[in-house]
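In this note's numbering, the protein residues as written are 105 to 277.
Even for Gly, the Cβ is constructed at its ideal location relative to N, Cα and C.
Values in this document were obtained by computation on a predicted structure and should not be read as measured data.
See below for the structure under consideration.
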């Protein structure tokens, strides 16, 4: 969504990346659906503070289902960067990791440095439990907030990737 999708694509597109555009607040819900439907796959959701604050109920839903294969990363720049830089509630003290823990997410972490983030992410992957990691980042956005991939093209490419990995696993069995 917004800056997160554009920044992810800027580091190099892969067919297993699905960019949510024009769906603020729904990244965690989409990730949950993918994690539940594909329990053999590790699912990582990249979200923004503005997006998760628009759908705090998504954290309680994540906690209810607790997919062991889902890591939810929230980049917290304390602003709605893609719509003018207005401050979010985290700029005045709201703690997304604390909210996730109170919602029942079994593992949470807040990272303020790259080393802290790397450690928290590696631990989340190794733990095999639903984890929310809040990465405190600077409010610096990409030059554009759109990806170079149409929504439909991305959707079909992602589905094709998921289907091909399912077929490959079935052939191995």
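Residue nearest to residue 226 within the set 241, 148, 160 is 148 (criterion: CA-CA distance). For the 7 Å CB-CB criterion, residue 201 and residue 163 do not form a contact.
Taken through DSSP and simplified to helix, strand or coil, residue 152 comes out as strand. In this structure residue 177 is buried. Its beta-carbon is surrounded by 16 or more other beta-carbon atoms within 10 angstroms. Shortest Cα-Cα distance from residue 192 to any of 134, 174, 265, 156 involves 156.
With a cut-off of 8 Å on Cβ pairs, the segment 226-240 is in contact with the segment 170-185, counting three or more such pairs. Between residue 136 and residue 166, the C-beta gap is smaller than 7 Å, which places the two residues in contact. When the five nearest sequence neighbours on each side are left out, the beta carbons in the same chain lying within less than 6 Å of the beta carbon of residue 119 are those of 261, 265, in order along the chain. Exposure of residue 242 is indicated by the presence of fewer than 16 other C-beta atoms within 10 angstroms of its C-beta. Apart from the 5 residues on each side of it in sequence, residue 175 sits with its Cβ closer than 6 Å to the Cβ of 148, 228, 235 in its chain, given in chain order.
The shortest CA-to-CA distance from residue 151 to any of 272, 182, 230, 145 is the one to 182. If you draw a straight line from the Cα of residue 109 to the Cα of residue 153, it comes to about 13 Å.
From the listed residues 223, 115, 240, 196, the smallest Cα separation to residue 216 is found for 240.
Closest in alpha carbon position to residue 263, among 112, 116, 122, 113, is 122. When secondary structure is reduced to three states using DSSP, residue 121 falls in the coil class, being assigned neither helix nor strand.
Distance check between residue 115 and each of 197, 146, 252 places 252 closest, using alpha-carbon atoms only.
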